[in-house]
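The listed protein sequences derive, respectively, from chains Y and X.
Numbering of the first sequence is given in numbering that gives the first Met the number 0, commencing with residue 0 and proceeding in unit increments.
Numbering of the second sequence is given in numbering that gives the first Met the number 0, commencing with residue 0 and proceeding in unit increments.
Even glycine gets a Cβ: it sits at the ideal position worked out from N, Cα and C.
Protein chains: 2
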Amino acid sequence: MSKATRDKILATTSSLLERQGYHATGLAQIVSESATPRGSLYYYFPDGKEELASEAVALRMRATAEFARRFLGEINDPVEAVYAMIMDMAEKMSKQGCGTGAPIAAVALEASNSSERIRKACADGYQGLQEVLAAKLVMGGFSAERASSLAMTINASIEGGMVLSRTKHDSDILVSIADDMKFLLRSALQASG
Amino acid sequence: MSKATRDKILATTSSLLERQGYHATGLAQIVSESATPRGSLYYYFPDGKEELASEAVALRMRATAEFARRFLGEINDPVEAVYAMIMDMAEKMSKQGCGTGAPIAAVALEASNSSERIRKACADGYQGLQEVLAAKLVMGGFSAERASSLAMTINASIEGGMVLSRTKHDSDILVSIADDMKFLLRSALQASG
DNA sequence: GTCTATAATAAGATAGAC
DNA sequence: GTCTATCTTATTATAGAC
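1) Less than 8 Å between the beta carbons of V78 of chain Y and L188 of chain Y, yes or no?
2) Mind checking whether I103 of chain Y and L173 of chain Y have CB atoms under 8 Å apart?
3) With DSSP collapsed to three states, give me the class of D46 of chain Y.
4) Under a Cβ-count criterion, where at least 16 other Cβ atoms within 10 Å of its own Cβ denotes burial, should E197 of chain Y be classed as buried or exposed?
5) At 9 Å on the CB atoms, spell out the chain Y contacts of M88 of chain X, in chain order.
6) Taking C-beta pairs closer than 9 Å, name the residues in chain Y that S13 of chain X reaches, listed in chain order.
7) Please classify N112 of chain Y: does DSSP put it in a helix, a strand, or coil?
8) Identify the continuous alpha helix (DSSP H) that holds Y82 of chain Y and give its terminal residues.
9) Tell me which residue opens and which closes the alpha helix (DSSP H) that E73 of chain Y is part of.
10) Just how far apart, CA to CA, sit G139 of chain X and I153 of chain X?
11) Consult DSSP for I103 of chain Y and reduce its assignment to one of helix, strand or coil.
12) Leaving out the 5 sequence neighbours to the left and right, which residues in its chain are closer than 8 Å to M88 of chain Y when beta-carbon positions are compared?
13) Check each residue of the region 67 to 82 of chain X: if its Cβ is closer than 8 Å to any Cβ of chain Y, include it; give the result in chain order.
14) Assuming E73 of chain Y and G20 of chain X make a contact with CB atoms under 8 Å, what is their CB distance in whole Å?
15) Would you kindly report the start and end of the unbroken alpha helix (DSSP H) that includes D169 of chain X?
16) Assign R59 of chain Y to one of two classes, buried (16 or more other C-beta atoms within 10 Å of its C-beta) or exposed (fewer than that).
See the structure below:
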């Protein structure tokens with residue numbers, strides 16, 4: 000009946016990984032910030048930190064993809080939908096002082112050369128988000144192939160935009176990217192139509 | 000006369016930060032991989048790891064900006080030049096098994112909330128690269144303002160593309176981004192001209 | 001400029017009790 | 001399911017000799 004404990008551990012881990020990355024986040028900090036029984040961590044995650052981080056990454060990206068799917072579903076025009084979604088990300092980042100955003104980027108870079116398990120969780124997470132974007136673009140008239148490559152570019156520019164925004168403490172970078180992605184999609188649509 | 004020692008420490012640090020990030024890179028590993036006297040690290044970098052990382056980041060981004068300036072200078076058409084540069088990055092990343100690329104992204108994310116000194120070194124580094132890109136675009140007929148915002152988007156998509164490439168072990172993502180950036184720039188040029 | 005030795009702390013993980 | 005205690009190993013940093 001302590002699903003709540005496991006969930007709290009995962010939520011806290013996810014938040015700490017986003018702000019600090021993998022190696023800077025200690026198990027002690029996770030236990031303390033989640034206000035969770037000390038003995039529970041290795042009970043729920045027998046493989047320790049690597050398993051915990053993999054689960055947190057997977058969970059977080061599933062939530063991100065689901066959020067994107069719903070958000071994009073509320074605006075008919077795919078170009079406007081993608082634009083609005085990036086603008087929404089910029090707004091959220093601005094509200095939080097540019098201290099968050101790119102929830103798994105740090106972990107992905109840290110682990111890509113050291114933990115295959117975490118690397119795969121990150122790769123699958125990015126893939127899921129990309130497929131949501133691509134599906135929306137297909138509904139806007141793009142071919143499956145073109146939608147897939149554009150989704151990759153959108154995903155990358157968002158991720159990179161968040162890296163730059165956090166580093167420079169300037170969420171307007173994402174606004175600029177939203178503009179350029181809108182322009183790119185409109186132009187691509189004209190070229191194909 | 001041991002400028003060589005200091006330089007070797009910085010070069011090794013730069014390489015380790017790129018592959019592992021900040022917290023995963025220990026001073027012991029830096030000393031061992033650089034084959035440098037153990038006593039030299041705190042002699043050259045009295046403020047320890049934070050100073051060393053800041054210097055390594057600044058040096059690396061100065062070199063990156065200078066490389067971009069020269070590379071872009073060899074191709075007249077700014078659109079083709081940017082395209083060729085991203086393709087060159089994709090090729091290099093492919094040759095190294097997608098284990099490198101985005102030399103300071105991990106550090107920037109890890110430090111953006113914990114070390115103002117490192118954060119600033121990263122921000123200045125990104126800014127320098129962006130200005131090189133913008134200057135090239137201005138020569139292609141873009142207004143200063145438009146060149147600046149496009150340079151931001153290009154920089155972000157490259158950085159994000161490298162994050163995705165490293166995570167998915169697929170350097171073709173950067174190729175796709177090169178295509179889309181070329182298309183974006185061509186379209187933007189037509190719209191403004 | 002460089003050395004060794006060491007301080008001081010924190011990390012991830014495990015064992016065994018309850 | 002949870003607790004405490006502990007093992008082992010790493011970390012950054014400093015002191016003082018040479």
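Considering the structure as presented:
1) yes
2) Using a Cβ distance threshold of 8 Å, I103 of chain Y and L173 of chain Y do not count as a contacting pair.
3) coil
4) No answer is possible for residue 197 of chain Y: it lies beyond the span of chain Y, which begins at 0 and ends at 192.
5) Residues of chain Y whose Cβ lies closer than 9 Å to the Cβ of M88 of chain X do not exist, since the nearest Cβ in that chain is about 13 Å away.
6) Within 9 Å Cβ-Cβ: nothing; S13 of chain X doesn't reach chain Y, min ~15 Å.
7) coil
8) 77 to 94
9) E73 of chain Y -> no alpha helix (DSSP H), and no H or E assigned at all.
10) 15 Å
11) coil
12) G100, I157, M161, L173
13) Answer set for the region 67 to 82 of chain X: empty.
14) For E73 of chain Y against G20 of chain X, the beta-carbon gap comes to about 37 Å, at or over 8 Å, which does not count as contact.
15) Per DSSP, D169 of chain X belongs to no alpha helix (DSSP H) and is neither H nor E.
16) buried
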